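*Asks:* I have a structure I would like to understand better, so I am pasting it below and will then ask my questions one at a time.
In full-length UniProt numbering, the protein residues as written are 1 to 151.
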């Protein structure tokens, strides 16, 4: 096989390989997002612990941070993780309700690392809204390359 057929089959093979890689990358991202949404829903909706809440981390230092819900800021020891959470991350915390009540009464409250159930990146609510069909869905790779909107 020489000449044009070889070029044709090679180009076809490269196009199929590129499309397969793009499909695999999109599938991997969607699986990761679906897993994040499951964890978020378990922390916000299906959590059997009535004292647990998902609260935003307003400030972070190595090993500790401050949770803020708009009325009180409570210090928390952060658990050891590969990627330490920073400001803007969300933490699912057990014992938030009584700690908040105590902080509103003027007591000094610190939560330990054992009270942190899960850690979510800053874009977790937006990803959840998008995966649930609310909010704006990001256009695909081809649509972004061609400049189309809404595809």
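Virtual Cβ for every residue (Gly too), placed ideally from N, Cα, C. It should be emphasised that the depicted structure is a prediction, and the values quoted were computed from it without experimental measurement.
Near residue 79, what residues of its chain come up, given a Cβ to Cβ distance below 7 Å and the 5 sequence neighbours on each side ignored?
*Replies:* Excluding residues within five positions, the ones whose Cβ falls inside 7 Å are 113, 116.
*Asks:* With a threshold of 7 Å between beta carbons, is residue 17 in contact with chain C?
*Replies:* Judged by its chain identifiers, the structure shown contains no chain C, having just a single protein chain.
*Asks:* Quick check on DSSP: helix, strand or coil for residue 67?
*Replies:* Note: residue 67 maps to strand in three-state DSSP.
*Asks:* Could you tell me which residues DSSP pairs with residue 53 in its beta bridges?
*Replies:* In the DSSP output, where bridge partners are listed per residue, residue 53 has 93.
*Asks:* For residue 119, which of 108, 65, 104 has the nearest alpha-carbon?
*Replies:* Comparing Cα positions, the closest option is 65.
*Asks:* Looking only at DSSP bridge pairs, what is residue 118 linked to?
*Replies:* DSSP lists 92 as partners of residue 118.
*Asks:* Please classify residue 74 as buried or exposed, where buried requires at least 16 neighbouring CB atoms within 10 angstroms.
*Replies:* Buried, because 16 or more other Cβ atoms sit within 10 Å of the Cβ of residue 74.
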